[in-house]
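Per the working numbering, residue 91 is the first one in the sequence shown, and the count goes up by one each step. One structure is given here, and the rest of the page talks about it.
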Amino acid sequence: MIIEPKVREFICTTAHPEGCRENIKQQIAYVKAQNIKEGPKKVLVIGASTGYGLASRITAGFGCEAGTIGVFFEKPSNGKRTATPGWYNTAAFEEEARKAGIYAKSINGDAFSKEIKKKTIDLIKQDWGKADMVIYSLAAPRRTDKDGNLWVSSLKTTKEAFTEKSLDLRNNTIVEKTVEPAKPEEIQGTMKVMGGEDWMEWIEALKEADAIEENALTVAYSYIGPELTYPIYFDGTIGQAKRHLENTAKMIRQKFPEISAYVSVNKALVTQASAAIPIVPLYFVILYKVMKKEGNHEGCIEQIARLFKEKLSKEVVSVDNEGRIRMDDWELSDKVQQQVISAWEQVTTENVAEISDIEGYWEDFYRMFGFHFPEVDYEKDVEIDIKIPSIE
Ligand code: NAI
91 MIIEPKVREF ICTTAHPEGC RENIKQQIAY VKAQNIKEGP KKVLVIGAST GYGLASRITA
151 GFGCEAGTIG VFFEKPSNGK RTATPGWYNT AAFEEEARKA GIYAKSINGD AFSKEIKKKT
211 IDLIKQDWGK ADMVIYSLAA PRRTDKDGNL WVSSLKTTKE AFTEKSLDLR NNTIVEKTVE
271 PAKPEEIQGT MKVMGGEDWM EWIEALKEAD AIEENALTVA YSYIGPELTY PIYFDGTIGQ
331 AKRHLENTAK MIRQKFPEIS AYVSVNKALV TQASAAIPIV PLYFVILYKV MKKEGNHEGC
391 IEQIARLFKE KLSKEVVSVD NEGRIRMDDW ELSDKVQQQV ISAWEQVTTE NVAEISDIEG
451 YWEDFYRMFG FHFPEVDYEK DVEIDIKIPS IE
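Okay, here's the thing in structure tokens:
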């Protein structure tokens with residue numbers, strides 16, 4: 091099939107297997123060049139197929155030569171529609187890992203469920219005995235908890251309605267967007283889906299099955315962002331969930347003192363999850379422009395390779411006063427934020443292409459789905475029904 095991108099606002103409904111493979115190869119090459127070496131050896135990545143989780147899997151595998159088990163929720167091709175990008179990413183990752191002699195197996199299913207936890211833990215026990223690192227990188231719209239209750243996540247404020255400039259991704263114009271306040275049950279739902287409850291359940295299940303090393307490290311990913319986006323992010327429903335996630339790191343350390351549990355606050359980046367947040371994409375395009383100009387722009391792989399190399403591989407994990415790892419240090423520097431605020435104040439439909447990096451945003455967006463890689467021949471007929479080697 092010849093595959094073209096089909097974009098609907100902030101999602102692309104097709105993915106290109108060759109482009110996804112190219113994406114994986116480039117991330118692997120980047121990580122190898124970083125000379126990380128030190129690090130974990132048996133890494134479970136929950137949410138391993140795209141974005142920060144995928145970058146974590148690649149960094150563990152090709153930076154530290156660690157075996158990885160990746161859990162994710164993706165759709166294979168049905169022969170007519172393409173698979174989701176995370177499916178193709180994983181197929182390519184496993185193939186590259188095999189070529190390099192690095193262990194890699196994957197489990198596709200609902201990470202919130204007891205069944206997938208059991209399946210994963212059985213695999214760990216069978217192949218490794220115990221994992222020495224657990225990365226928790228889920229971004230999900232809903233969760234059915236272990237008692238069968240369905241929780242839905244929302245992206246709303248928790249106080250009054252909030253109106254701000256926003257980028258309309260359909261036509262790259264600046265519009266005003268109002269985000270409504272959440273009802274108490276929407277706040278609770280977001281905390282249940284994106285908070286730390288399920289992270290704790292994973293660690294408890296691993297502990298109970300004796301499938302995690304005594305001195306294991308576990309890291310979950312969070313975001314704070316600038317004051318500009320506080321009403322919709324840090325003080326919004328998602329921010330409440332992230333505070334819960336941060337507290338969970340403390341709770342894991344209290345309950346299992348031998349385990350090092352941390353939250354890493356990462357940089358704002360275009361991923362499938364973040365493209366859906368209202369108002370925030372305008373901040374992204376401005377931030378991209380400023381950080382590229384400053385020469386300190388990073389993508390997921392640069393962030394995670396730096397995390398492993400500089401913050402995690404030392405005896406003492408480097409944290410802030412609240413015990414969080416700060417990978418958003420460059421994003422939140424005064425120099426960057428002052429320029430972001432000034433651009434934010436000035437931005438209009440007429441000047442948005444000039445004072446922000448819309449082009450860079452869309453490049454990242456298309457690349458997430460395997461498009462716009464000059465190395466790939468998009469005119470070529472390609473097989474869309476690709477197998478992930480470890481999945482039957
Ligand atoms: P993403 O959408 O690229 O990745 C989400 C991953 O979760 C995918 O592997 C997907 O298959 C998996 N997943 C979703 N639902 C699942 C389920 N029910 N069972 C199993 N797997 C499931 O998202 P992204 O942006 O990489 O987010 C990962 C984490 O990083 C999130 O906690 C997010 O809040 C955080 N983060 C993201 C930032 C950003 O700007 N993108 C910034 C800082 C933190």
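By construction, the Cβ of each residue, glycine as well, lies at the ideal position given by its N, Cα and C atoms.
Can you check DSSP and say which residues form a bridge with residue i?
i: F162; result: N198
i: P271; result: T247
i: W241; result: R233
i: C102; result: V97
i: G226; result: The sequence given here has Tyr at residue 226, not Gly. According to DSSP, which records beta bridges pairwise, Y226 is partnered with I136 and A310.
i: S203; result: Note: S203 sits in no beta bridge, so no partner.
i: V265; result: S256
i: R416; result: V355
i: S350; result: L307
Can you give me the start and stop residues for the alpha helix (DSSP H) that residue i sits inside?
i: W218; result: Here W218 belongs to no alpha helix (DSSP H), and DSSP marks it neither H nor E.
i: K132; result: Taken as a continuous stretch (DSSP letters only), K132 belongs to no alpha helix (DSSP H), being part of the beta strand (DSSP E) at K132 to I136.
i: E31; result: Any question about residue 31 goes unanswered here, given that the chain covers just 91 to 482.
i: Y178; result: P175 to K189
i: A310; result: Segment I302 to S312 is the beta strand (DSSP E) holding A310; no alpha helix (DSSP H) there.
i: Q393; result: C390 to R396
i: M458; result: I448 to M458
i: W292; result: E287 to E298
i: D424; result: D424 to Q436
i: I474; result: Run containing I474: none; DSSP gives neither H nor E here.
i: I445; result: V442 to I445
Taking the alpha carbon of residue i as the reference point, which residue from the options has its own alpha carbon closest?
i: K127; options: G151, K115 and V133; result: G151
i: L296; options: R333, Y193, I342 and G279; result: I342
i: L263; options: E444, I192, N337 and D475; result: Rather than Leu, the amino acid found at residue 263 in this sequence is Thr. Answer by Cα proximity: E444.
i: H387; options: D454, T438 and E412; result: D454
i: A251; options: E421, K215, G326 and I148; result: G326
i: K255; options: Y373, N441 and K399; result: Y373
i: G143; options: M223, E449, C102 and S203; result: M223
In the DSSP assignment, find the beta strand (DSSP E) that holds residue i and state where it starts and stops.
i: E254; result: F252 to D258
i: A145; result: Segment G141 to I148 is the alpha helix (DSSP H) holding A145; no beta strand (DSSP E) there.
Does residue i come out as helix, strand or coil in the three-state DSSP assignment?
i: S403; result: coil
i: V355; result: strand
i: R333; result: helix
i: Y468; result: coil
i: I369; result: coil
i: V409; result: coil
i: S480; result: coil
i: R111; result: helix
i: S167; result: coil
Is any heavy atom in ligand 3 found nearer than 8 Å to the beta carbon of residue i?
i: N386; result: The model on display carries ligand 1 but not ligand 3.
Among all residues, which have a Cβ less than 6 Å from at least one non-hydrogen atom of ligand 1, and in what chain order do they fall? G137, A138, S139, T140, G141, Y142, G143, V161, F162, F163, E164, G176, D200, A201, F202, S227, L228, A229, A230, Y311, S312, Y313, N356, A358, L359, T361, Q362, A363 and S364
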